[in-house]
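Chains as they are written, first to last, in the working numbering: chain A, 7 to 117; chain B, 27 to 147. Data first, discussion second: the structure below is written as structure tokens.
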């Protein structure tokens, strides 16, 4: 069973830049894992931000971007706003078994 | 607009089963994979499984393989998730979501509002 690992928590100052990463226990994360990223605030459903590594939805703020970095999937937030404080989850596709696996989530604090 | 409207909260005793529905509207239901994920109180998201656009192809998380069944009714644009042999650790909010997939893109976008399932004696 694939395990997907994210930083448990990160802190960033307003206006700063932060990168969240998403690693797979099976090895290097490639575009074939179709990384999707979600933002979740307390009491709300997940909100999709990024799909297939680096594609943004029409509602995704320009300050969010996705990439592959050092063998991991990455979500970078630039010019961070207070409203970006939330939990962020990555989701990876394990094509061999047609399964998807969530990372444990990163709690982002804007302070 | 796209809507995924889930059924209401459920309470079940341990050992029972529960069936949660998710009614879709505003899009071509048969063009999308439909997924279920859950979130236990204070915990992260867990992928449970998905059903293909035609309803003939399912995939489930290994740990739930013997207890979960996902079905879809094309005539009513509704997807269902049934979980059996419930235990206290199945207490969670259950979400349905849709995925668009082609040869190069796999995109999750919209989600239902969530359904709280409480397992308690």
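Every residue gets a Cβ at the ideal spot worked out from N, C-alpha and C, and that includes glycine. The structure displayed is predicted, hence computed values, not measured ones.
Boundaries of the beta strand (DSSP E) in which residue i is found, first to last residue
i             : result
residue 75/B  : 71-77
residue 72/A  : 70-75
residue 15/A  : 15-18
residue 143/B : 141-145
residue 46/A  : 42-46
residue 115/A : 112-116
residue 107/A : 105-108
residue 82/A  : 78-83
residue 30/A  : 24-30
residue 11/A  : 10-12
residue 51/A  : Per DSSP, residue 51/A belongs to no beta strand (DSSP E) and is neither H nor E.
Own chain residues within Cβ distance below 8 Å of residue i, not counting five before or after
i            : result
residue 75/B : 61, 62, 84, 85, 86, 87, 90, 94, 96, 107
residue 43/B : 108, 109, 110, 111, 112
residue 57/B : 79, 126
Three-state secondary structure (DSSP) of residue i
i             : result
residue 129/B : coil
residue 36/B  : strand
residue 93/A  : strand
residue 37/A  : helix
residue 114/B : helix
Buried/exposed call for residue i, threshold 16 Cβ in 10 Å
i             : result
residue 41/A  : buried
residue 117/A : exposed
residue 65/A  : exposed
residue 9/A   : exposed
residue 52/A  : buried
residue 152/A : Since the first and last residues shown for chain A are 7 and 117, residue 152/A lies out of range.
residue 124/B : buried
residue 29/B  : exposed
residue 68/B  : exposed
residue 79/A  : buried
residue 46/B  : buried
residue 52/B  : exposed
residue 50/A  : exposed
residue 90/A  : buried
residue 99/B  : exposed
residue 77/B  : buried
residue 114/B : exposed
residue 9/B   : No statement about residue 9/B is possible, as the shown extent of chain B runs from 27 to 147 and does not include it.
Proximal residues to residue i (C-beta, below 6 Å), its chain only, five neighbours per side dropped
i             : result
residue 119/B : 65, 140, 142
residue 58/A  : 40
residue 35/B  : 142
residue 71/B  : 63, 65
residue 50/B  : 30, 103
Neighbourhood of residue i by C-beta distance below 7 Å, restricted to the same chain and skipping five residues each side
i             : result
residue 101/A : 38
residue 22/A  : 86
residue 116/B : 109, 143, 145
residue 68/A  : none
residue 37/B  : 144, 146
residue 99/A  : 39, 40, 106
Review point. Residue ranges of each beta strand (DSSP E) run of no fewer than 3 residues wholly in the stretch 48-105 of chain B, ordered along the chain?
Key: 59-65, 71-77, 84-86, 94-99
Review point. Just by C-beta distance, which residues in the stretch 56-76 of chain A are closer than 8 Å to chain C?
Key: The question asks about chain C, but that chain is absent: this structure's protein chains are A and B.
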